[in-house]
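Q:
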Amino acid sequence: MIAVTTPTGNVGSHIVRLLLQVGERPRLLLRDPDRLDPEVRERVDLAVGDLRDPDYVMEATRDVEAVYWVHPDDWSLPDPNADAERTGEGLAEAMRRNRMPRVVFQSSIGAELRDGAGFIDGLAAVEERLDAAREETGTALIHLRCGYFMTNLLADVDGLRAGRLTTTRLLDDAMPWVDPRDIATVAALRLLARDWSGPQVQAVHGPTDLTWSQAAAELSAATGTTIEAQQIPDDDERAALRAAGMSEVAVDGILGMSVSKREGFTPEQPRSPLTTTPGTLAGWAIEHLRPAL
Numbered sequence: 001m002i003a004v005t006t007p008t009g010n011v012g013s014h015i016v017r018l019l020l021q022v023g024e025r026p027r028l029l030l031r032d033p034d035r036l037d038p039e040v041r042e043r044v045d046l047a048v049g050d051l052r053d054p055d056y057v058m059e060a061t062r063d064v065e066a067v068y069w070v071h072p073d074d075w076s077l078p079d080p081n082a083d084a085e086r087t088g089e090g091l092a093e094a095m096r097r098n099r100m101p102r103v104v105f106q107s108s109i110g111a112e113l114r115d116g117a118g119f120i121d122g123l124a125a126v127e128e129r130l131d132a133a134r135e136e137t138g139t140a141l142i143h144l145r146c147g148y149f150m151t152n153l154l155a156d157v158d159g160l161r162a163g164r165l166t167t168t169r170l171l172d173d174a175m176p177w178v179d180p181r182d183i184a185t186v187a188a189l190r191l192l193a194r195d196w197s198g199p200q201v202q203a204v205h206g207p208t209d210l211t212w213s214q215a216a217a218e219l220s221a222a223t224g225t226t227i228e229a230q231q232i233p234d235d236d237e238r239a240a241l242r243a244a245g246m247s248e249v250a251v252d253g254i255l256g257m258s259v260s261k262r263e264g265f266t267p268e269q270p271r272s273p274l275t276t277t278p279g280t281l282a283g284w285a286i287e288h289l290r291p292a293l
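In full-length UniProt numbering, the protein residues as written are 1 to 293.
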């Protein structure tokens, strides 16, 4: 059996579908089963609980052969990075006790910095916790360091509708943009395959690196809305986040994810056939963003 966390998320929901299509009956770890499609619910096993509860994680991962793990972000907590580390330790202890053969952890580009990358530092801490457990267990462990989710654009539909694609990064700074469905495909293949060993790190980069100006041009062509990339000062971004009700910890964590990769950052895993995935920004925008605009 394969265990899947965040099974209603941008990646997890697609992993569940792929597993069902190859005849698996996955165990879904989630807090609210009512969010599942009824037709999915009847084809899976449910383990209802909180990933922050180590006893729940221990029981929910008992007798499984593989686990897909996503940290359940909550930026309203006093220290989200410490929360990520504690939650990751719950999985690490389950690895030690339950000895599941394979673990796929959804991480992020920037985790290789280990410090100074805002909320990505929490994912780096999880990587380290799982690596330590793997030394004891021999688990086939892989960290998927993913590029910038195209779905992040849906957080500012109003701005895009008004023709603005805003960022604190340099407009000519090229970076990987990835469709979460492609992350799901990579993750599902790793969950199903039995002939690999870890620890490994694999990046998921999308089809090509795009600057913010190039992304704006692709979005314009795909949606029929003229969109221009605009770099905004850090202080303006801080003010906007505060106005949205974010705490200072959240403001620093969110901004840190961008600032850390702004100047001279090169991902540890270079783009290669192993990291390049097919889903284009234009194709994603036609399907998901254009209807929203």
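Yeah, the Cβ is synthetic: ideal placement off N, Cα and C, and Gly gets one too.
Given the structure is predicted, the values throughout are model-derived calculations rather than measurements.
(1) Let me check understanding here. Comparing Cα to Cα, which of E59, R190 and G206 lies closest to Q200?
(2) By DSSP, does A66 sit in helix, in strand, or in coil?
(3) Check A193 in the structure and name its three-state DSSP category.
(4) Can you list, in chain order, the stretches of the alpha helix (DSSP H) that have 4 or more residues and sit fully within the segment 121 to 209?
(5) Since D45 sits in a beta bridge, which residues does DSSP pair it with?
(6) Report yes if the C-beta distance between V251 and L241 is below 9 Å; otherwise report no.
(7) Rounded to a whole number of angstroms, what is the C-alpha to C-alpha distance between A184 and N98?
(8) Give the straight-line distance between the Cα atoms of L171 and R114, rounded to the nearest whole angstrom.
(9) What is the residue span of the alpha helix (DSSP H) that V16 lies within?
(10) By a C-beta neighbour count over all protein chains shown, 10 Å radius and 16 as the cutoff for buried, is V64 buried or exposed?
(11) Enumerated in chain order, which unbroken segments of the alpha helix (DSSP H) with a length of 4 residues or greater are wholly contained in the segment 244 to 278?
(12) Do you know how far the Cα of A222 is from the Cα of P207?
(13) Tell me the rounded alpha-carbon separation between R96 and E89.
(14) Using a Cβ-Cβ cut-off of 6 Å (strictly less than) and excluding sequence neighbours within five positions of L213, which residues of its own chain qualify?
(15) Would DSSP call T5 helix, strand or coil?
(16) Using a Cβ-Cβ cutoff of less than 6 Å, which residues in the same chain neighbour P7 once the five nearest sequence positions on both sides are dropped?
(17) Is DSSP giving R99 helix, strand or coil here?
(18) Count the other C-beta atoms from every protein chain shown that fall within 10 angstroms of the C-beta of N81, then say buried if there are 16 or more, exposed otherwise.
(19) Using the three-state DSSP reduction, which class does A229 fall into: helix, strand or coil?
(20) Which residue or residues does DSSP assign as beta-bridge partners of V40?
(21) Is the beta carbon of residue 300 less than 9 Å from the beta carbon of A215?
(22) Hey, would you say L20 sits closer than 9 Å to V44, going by beta carbons?
(23) Is S220 helix, strand or coil when you go by DSSP?
(24) DSSP three-state label for S76, please.
(25) In chain order, what residues of the same chain have a beta carbon less than 6 Å from the beta carbon of R238, not counting five sequence neighbours either side?
(26) How many angstroms separate the CA atom of T226 from the CA atom of D53?
(27) CA-CA distance, W196 and A140?
(28) For A60, tell me which candidate among V48, H71 and V70 has the shortest Cα-Cα distance.
A: This is what the structure holds:
(1) As a working note, residue 200 is residue 200 in the sequence shown. Checking every option, the nearest Cα to that of Q200 belongs to R190.
(2) Position 66 of the sequence shown, counted from the start, is the residue given in the question as residue 66. Strand.
(3) The residue given as residue 193 occupies position 193 in the sequence shown. Here A193 sits in coil by DSSP.
(4) 157 to 161 and 180 to 192
(5) Locating residue 45 in the sequence shown gives position 45, where the first residue counts as 1. D45 pairs with R27.
(6) On the sequence shown, position 251 is the one that residue 251 refers to. On the sequence shown, position 241 is the one that residue 241 refers to. Yes, they are a contact pair.
(7) Reading the sequence shown from its first residue, position 184 is the one you call residue 184. Reading the sequence shown from its first residue, position 98 is the one you call residue 98. So the two alpha carbons sit approximately 24 Å from each other.
(8) By one-based count along the sequence shown, residue 171 stands at place 171. By one-based count along the sequence shown, residue 114 stands at place 114. In a straight line, the C-alpha of L171 is about 25 Å away from that of R114.
(9) Reading the sequence shown from its first residue, position 16 is the one you call residue 16. G12 to Q21 is the extent of the alpha helix (DSSP H) around V16.
(10) Start at 1 with the first residue of the sequence shown, and residue 64 comes out as number 64. V64 should be labelled buried.
(11) 248 to 259
(12) Against the sequence shown, residue 207 aligns to sequence position 207. Against the sequence shown, residue 222 aligns to sequence position 222. Answer to the nearest angstrom: the Cα atoms are 16 Å apart.
(13) Against the sequence shown, residue 96 aligns to sequence position 96. Against the sequence shown, residue 89 aligns to sequence position 89. Cα to Cα, R96 sits roughly 10 Å from E89.
(14) Numbered from its first residue, the sequence shown carries residue 213 at position 213. In the sequence under discussion, the amino acid at residue 213 is Ser, which differs from the Leu named in the question. Answer for S213: L171 and A229, listed in chain order.
(15) Position 5 of the sequence shown holds residue 5. If DSSP states are grouped into helix, strand and coil, T5 belongs with the strands.
(16) Here the question's residue 7 lines up with position 7 in the sequence shown. Closer than 6 Å at the Cβ level, and outside the excluded window around P7, lie V16, L28 and L30.
(17) Here residue 99 is taken as the residue at index 99 of the sequence shown, counted from 1. Coil, per DSSP.
(18) Taking the first residue of the sequence shown as position 1, residue 81 is located at position 81. N81 comes out buried.
(19) Residue mapping note: residue 229 aligns to position 229 of the sequence shown, counting from 1. Correct three-state label for A229: strand.
(20) Translated into positions along the sequence shown, residue 40 becomes position 40. V40 is not bridged to any residue.
(21) Lying outside 1 to 293, the shown extent of the chain, residue 300 is not represented and no answer is given.
(22) Here residue 20 corresponds to residue number 20 of the sequence shown, with the count starting at 1. Here residue 44 corresponds to residue number 44 of the sequence shown, with the count starting at 1. For L20 and V44, yes; Cβs fall inside 9 Å.
(23) Taking the first residue of the sequence shown as position 1, residue 220 is located at position 220. Here S220 sits in helix by DSSP.
(24) Position 76 of the sequence shown, counting from 1, holds the residue named residue 76. Looking at S76 - three-state DSSP - the assignment turns out to be coil, as it is neither helix nor strand.
(25) Taking the first residue of the sequence shown as position 1, residue 238 is located at position 238. So the list reads V251, once near-sequence residues are dropped.
(26) Locating residue 226 in the sequence shown gives position 226, where the first residue counts as 1. Locating residue 53 in the sequence shown gives position 53, where the first residue counts as 1. The alpha-carbon atoms of T226 and D53 are separated by roughly 47 Å.
(27) Locating residue 196 in the sequence shown gives position 196, counting from the first residue. Locating residue 140 in the sequence shown gives position 140, counting from the first residue. Looking at the two C-alpha atoms, the distance is approximately 7 Å.
(28) In the sequence shown, the residue the question calls residue 60 occupies position 60. Measuring from the Cα of A60, the nearest candidate turns out to be V48.
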